[in-house]
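Worksheet: the structure to be examined is printed underneath.
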Amino acid sequence: MKKVYLGLFTLIIAGSASAQLMNKNLRSAQKIQNIGEVPAKAMHHLEKAVPFWQNHFDVPSDWVISNAGAAGTPPHTMGDWAITTDVNAIPVTALKPAGHTTAANGYALINSDAAGAGQTQNSMIVTAAAIDCSMKPNVSMIFEQSTRHYQELYYVVVSNDGGTTWTDFQVNTSQAVNTNSANPAIAQVNISSVAANQANVKVGFRYVGAYDWFWAVDDVKLVETDNYDLTATGYYWGVEGTWGARLPYYQTPIAQINPIHFAGIVENIGAMAQSDVTFNAAIVSAAYSGISPQGALNPNESDTFDIAATFQPAAAVASFTVTGGTTSGQTDANPLDNAAPALAFETTQTTFARDAQVVQAGSYNQGQGYEMGNIFDITANQTLTGVDVWVASTSTENCQIYGLLYTIDGSGNFVYAAPTALHTVTAGELGTMITLPLTSSYPLLAGNSYLLVVGSYGDGGATDDFVVGTSGISEAQTTFYLDGNENTGTWYYSTSTPMVRMNFNSSLSVTENAANVNVAVYPNPVVGEATIEVNGATASTISVVDLAGKVVYSSNVAEGTSKVSFSTTNFSAGVYTVNVATSAGTVTKKMVVKN
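Mapped onto mature numbering (1 follows the signal peptide of the UniProt record, and there is no 0), the consecutive letters of the sequence shown carry residue numbers -19 to -1, 1 to 576.
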């Protein structure tokens, strides 16, 4: 698929290295293909108010569809809203059939993915008839929905003059890139600022996209807004280190234990402002508890409530569960959503993990080469010995992958540091976590940040090749992606967390032949000239073989550290195998040529 680059994620990080990176040509990741993603759990909303108006899209003439046209801002070129009874029209497998309560009777759907590359959407679907809200001093709109988010924008639209003018209320602002909603998700928007005490109200939905995913809505209701209704939507938690971001570690080796910060994200979906909102968190097994200072929240406002008390795990292997929620001095209309989802993490002997441990999705590059991994802050000297990675079950048997550690220089550039050997994935490794030992252990130094990735040279697009498991959400500029199909060396960031972990197990050893021989091929992909560097070998022979098995280049290398450079201008674009034969065995690498 073609790529559309989106703007910065809402959480912006600080710190010298990260700030330098953000000023470089880093862009956010592509519309990453994900396989078999588990949708989020549905949020249950306790509806105390009886709807005074509702619609289930069972009568299409109740709704009017329009778009901004070519002159719009942004323009609309293709892909309008439609009302359908096909519960399998959703374009994401994990979200079909549509789970809305009355989906079989009809629901509204806009499908940006189906419109394709180069097309843009700026389309509305609104009620045909006006709704009388003249006796309603506070009005909220509740609806069921499902979506997969990339860069599109979602709005509830409201008019109080019969559709002459419209006010946008943006929704789904906290959903991360390349993640699925619940099926269905329940949304509530306080529209009192436009609809309250008005007799000529129309409501609807507006979608702005450009080769994104989709939005499905159903079962729309207007209710009188409860005065006091808070909802806790999640945590902002983790360790604050050199990189400058608050990085959540779901597994932390004892040597890297540091104080953990917690904050809660709270939204006011009630009619009244509240001035005494707090968020509390507790870990019963560790006798930890903390509460934020009181803060104010206006209607339709969301904010982060930071807890000053940090949690310092003991220097032992253990598991922890955090419970938390929001409170105020008012009686909440729906206390069920005052509790944040439970959060679990653990301390370990040797594993350092940013991912949430339960595989949720799988990211890939449609059979082309790529690297993807996470930033880790190191606070105590420790020797890295391997890379753990979840190989998604949808990977191709016999795909070849590698792990790679990057250091970060003073300009914020990622610098090649320590590789693993190239590994061929077996059938038994599909759908499992595997360990790739480094060819040589590498000392990590306290006070530094490192990027750890897993990669593949791809198979030229013949299959999906390697699919890396993903789990959880990354803050922008803390998870990175390199597209091997480009030759610019541009790193993108992603907000989907790949299951790529540091392994400090001292017993790891490379079992492949020629374990003491290091071979580097660079640049990779190659344009014009390739260099092959051999370290630590006796005399060796280098051969480069194309996919048909033909040797297209060969050279002898002297004992010790040697390198050879050669032109690739006469090579066809594609994947080549580099064989370095030594007295200890043969080391194999992949090389991608992009002439």
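Just so it is clear, CB atoms sit at the ideal spot from N, CA and C, and this is done for glycine as well.
With a threshold of 16 other CB atoms inside 10 Å of the CB of residue i, please say whether the residue is buried or exposed.
i	result
Q293	exposed
Q35	exposed
V574	buried
P418	buried
Y231	buried
M(-19)	Because the pLDDT of M(-19) is 22, which lies under 50, any placement of that residue in the model is unreliable, and the question is left without a value.
D142	exposed
V40	exposed
P118	exposed
T(-10)	Reliability fails at T(-10), whose pLDDT of 26 lies under 50, so the model's placement of it is uncertain and no value is given.
G245	buried
V568	buried
A402	buried
E125	buried
D200	buried
T492	Any reading at T492 must be qualified, since the residue scores a pLDDT of 41, below 50, and its modelled position is unreliable; no value is offered.
S452	buried
residue 577	Residue 577 lies beyond the residue range present for the chain, which begins at -19 and ends at 576; the question has no answer from this structure.
K544	exposed
Y(-15)	Here Y(-15) scores only 23 on pLDDT, less than 50, and its place in the model is too uncertain to base an answer on.
N551	exposed
A321	buried
S376	buried
Y503	exposed
Note down, in chain order, each residue of its chain lying with its Cβ closer than 6 angstroms to the Cβ of residue i, except the 5 sequence neighbours on either side.
i	result
S121	Q169, N171, V204, T206
A373	G343, V448, G450
G190	S93, Q102, E133
S524	V532, S535, N560
W147	V138, S140
G412	S374
A236	A361, Q363
T58	Q100, T101
I264	F301, V303
L27	Because the pLDDT of L27 is 45, which lies under 50, any placement of that residue in the model is unreliable, and the question is left without a value.
Considering Cα atoms alone, identify which of the options is closest to residue i.
i	options	result
S430	I64, N551, F357	F357
N261	L426, I272, A254	I272
I288	W218, S256, N279	W218
V396	T405, L432, A177	L432
residue 621	Y131, V182, T145, D149	In the structure as shown, the chain starts at -19 and stops at 576, and residue 621 therefore has no counterpart that could be examined.
S455	D336, T223, S421	D336
G465	Q100, T478, V507	V507
A163	G222, V107, T108, P78	P78
N48	N576, L403, Y188, T214	Y188
A52	P32, T74, S104	S104
T223	V502, G555, G428	G428
T512	L489, T478, K571	K571
A457	I167, W472, T444, V73	W472
Q151	F33, N281, T420, P400	N281
S421	L278, T478, N516, D193	N516
P234	Q330, Y216, M353, E540	Q330
Between residue i and residue j, which are expected to be in contact by the criterion C-beta below 8 angstroms, what is the C-beta distance as a whole number of angstroms?
i	j	result
F195	V138	Contact doesn't hold; Cβ gap of about 18 angstroms is too wide.
G441	G509	Between G509 and G441 the Cβ distance is about 20 angstroms, and since that is not below 8 angstroms, they are no contact.
V370	G384	7 angstroms
N249	T366	Incorrect: roughly 49 angstroms between the Cβ atoms, too far for contact.
T459	N355	7 angstroms
T332	N484	6 angstroms
N499	L425	N499 to L425, Cβ: 19 angstroms. No contact.
residue 599	Y88	In the structure displayed, the chain extends from -19 to 576; residue 599 sits before or after that span and is not available.
V340	M480	7 angstroms
M253	N208	5 angstroms
Within a Cβ cutoff of 7 angstroms, which residues of the same chain sit near residue i, ignoring the five residues on either side of it in sequence?
i	result
I238	P294, A296, T328
S437	G350, Y351, C380, Q381, I382, D446, F447
A398	L386, Y387, T388, Y423
A70	L90
Excluding sequence positions up to five away, which residues of its chain have a Cβ less than 8 angstroms from the Cβ of residue i?
i	result
N319	L211, T212, A213, G306, T307, T308, D313
D390	V396
A323	T302, V303, T304
Answer yes or no: does any C-beta atom of chain C fall closer than 8 angstroms to that of residue i?
i	result
V502	No chain C appears in the structure shown, which is made up of a single protein chain.
Item to check | Entirely enclosed beta strand (DSSP E) segments - the segment 37 to 88, minimum 3 residues | outcome: 44 to 48, 63 to 65
Checklist entry - Considering only residues of the segment 275 to 299, which uninterrupted beta strand (DSSP E) runs meet the minimum length of 3 residues and lie entirely inside it, listed in chain order? => result 276 to 278, 283 to 292
Checklist entry - Can you list the beta strand (DSSP E) stretches of 3 or more residues lying completely in the segment 521 to 557, in chain order? => result 521 to 526, 532 to 538, 541 to 548
Checklist entry - What are the complete beta strand (DSSP E) segments, minimum 3 residues, inside the segment 180 to 214? => result 183 to 190, 195 to 205
Checklist entry - Taking the runs of the beta strand (DSSP E) that are 3 residues or longer, which of them lie wholly in the segment 368 to 393? => result 381 to 389
Item to check | Completely contained beta strand (DSSP E) runs for the segment 118 to 148, where each covers 3 or more residues | outcome: 120 to 130, 134 to 140
Item to check | Uninterrupted beta strand (DSSP E) stretches inside the segment 302 to 344 (no shorter than 3 residues) | outcome: 324 to 329
Next on the checklist: Going residue by residue through the segment 241 to 278, where are the continuous beta strand (DSSP E) segments of at least 3 residues, counting only ones entirely within it?
Outcome noted: 241 to 249, 255 to 264, 269 to 272, 276 to 278
Next on the checklist: Quick check for students: name the residue ranges of the beta strand (DSSP E) that lie wholly in the segment 392 to 470, counting only runs of 3 or more.
Outcome noted: 395 to 400, 413 to 425, 429 to 439, 449 to 454, 460 to 464
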